[in-house]
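Notes follow once the structure below has been shown.
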Amino acid sequence: MALSLAEIAALSALLDQVLALPVDHRQAWLNGLAAGHSPHAERLRQMLETAERGDDDGPSWPGAPGWGGSG
Amino acid sequence: MVANDDSLGELIGQVQRGEAGARDRLFAAAYGELRKLAHARLFHGGRNTYLGTTALVHESYLRFLNGARLSSNDRRAFLGYASAVMRSVIIDAVRERQAERHGGDLQRITLHTEGLDGLPAAEDGVLEIHDALNLLAQVEPRLAQVVEMRYFGGYTEVEIAEALDLTERTVRRDWDKARMLLGAMLKD
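Heads up: the sequence lines are chains A and B, in that order. Going by this note's numbering, 630 is the number at position 47 of the first sequence; the sequence numbering is gapless. Going by this note's numbering, 158 is the number at position 162 of the second sequence; the sequence numbering is gapless.
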């Protein structure tokens, strides 16, 4: 677990920004972040790609057995 | 240990009246039931009679908490406490099993929690998530609480939203964001 608390905080703040954007605006936002040499741009891109792949694969958060679904 | 609805109702009544130590007594009374729930969740997976029974116990608590008009602080505290107990029992059980396995050939156990896409779900992974959640709590305590309540506590988004005074949409966003952060933390 190599991420520091400062890195987690920075990623969290950046996620707030990008997740507030329409999906089709996010790529441009990421490109701008990378152009500004943000150390988090590539990691953020991977995080978003992983999340999007999850969405494509079906329900991201299946209801846990015995707990009445995901709410 | 709460044995029936009457005693639970009385304890909640004491909390409502603001009696000294009532909240602690309610929590202590619930502890045994919460441990049972955690073990059922850990070892039985949910699609069987035993978990069905314990889930009913859980629902009984929720029914009382909903009907008793507990203050939002008391309700929030109880549900948070319940999730923390569940997490603690699950983590202790996983560690115990891992220690035992060093001397035998016990089967690995699978934790039946809410899924964390792309994250490990078996024993090692549960401990990793537990550690990552501790870190996340230092930066984003609300996200960590949402994950604890959903992943370890088994609460629904609706229940978490009510307990934390959030909208369901906010809970869902927190959950998604926390999943992304935890995924990045565990990948490194």
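Think of the CB as a built atom: it goes at the ideal place given N, C-alpha and C, for glycine as much as any other residue.
Where residue i meets chain A, residues with beta-carbon distance less than 7 Å
i      : result
E136/B : S595
Cα-Cα separation between residue i and residue j, rounded to whole angstroms
i      : j      : result
G641/A : A593/A : At G641/A, the pLDDT of 32 sits below 50, so the modelled position is not reliable and the matter cannot be decided from this model.
E164/B : E15/B  : 32 Å
P622/A : F23/B  : 45 Å
R93/B  : V85/B  : 12 Å
E96/B  : V135/B : 34 Å
E635/A : Y77/B  : 33 Å
D70/B  : F148/B : 20 Å
Q10/B  : L177/B : 41 Å
L598/A : E144/B : 20 Å
D639/A : E158/B : With a pLDDT of only 38 at D639/A, under 50, the local geometry of the prediction cannot be trusted, and the value read off the model is given with reservation. Each residue's alpha carbon lies about 29 Å from the other.
K32/B  : R146/B : 17 Å
G179/B : R626/A : 11 Å
S3/B   : A25/B  : 9 Å
Same chain, Cβ closer than 7 Å to residue i, neighbours up to 5 away in sequence not counted
i      : result
D172/B : none
R168/B : E153
D170/B : R138, L139 and V142
Given residue i as reference, the closest of the options once Cα atoms are compared
i      : options                           : result
E632/A : A617/A, G615/A, Q610/A and S587/A : Q610/A
L123/B : L139/B, L162/B, G149/B and R83/B  : R83/B
D20/B  : K183/B, L7/B, D170/B and L30/B    : L7/B
D120/B : I156/B, V90/B, A157/B and F74/B   : V90/B
R138/B : I156/B, G179/B, R31/B and I125/B  : I156/B
M630/A : A618/A, L588/A and L602/A         : L602/A
Own chain, CB closer than 8 Å to residue i, minus 5 neighbours either side, in chain order
i      : result
M181/B : A128, L131 and L132
A18/B  : L7, Q10 and V11
Interface residues of chain A facing residue i [CB-CB closer than 9 Å]
i      : result
L177/B : L586, I591, L594, S595, L598 and M630
Sequence-distant residues of its chain with Cβ nearer than 6 Å to residue i (five each side left out)
i      : result
D88/B  : none
R628/A : L613
L616/A : A624
Rounded Cβ spacing between residue i and residue j (contact assumed at less than 8 Å)
i      : j      : result
Q141/B : L160/B : 7 Å
Y151/B : L30/B  : The pair is not a contact, with the Cβ atoms about 12 Å apart (cut-off 8 Å).
Chain-ordered neighbours of residue i on chain B, where CB pairs are closer than 7 Å
i      : result
R626/A : A180
L604/A : Residues of chain B passing the Cβ test: none, with the nearest at roughly 13 Å.
Listed by chain order, chain B residues near residue i by CB distance under 9 Å
i      : result
A617/A : In chain order: nothing, as chain B lies at least about 17 Å away.
Neighbouring residues, chain B, relative to residue i (Cβ below 8 Å)
i      : result
L613/A : Simply none; closest approach about 14 Å.
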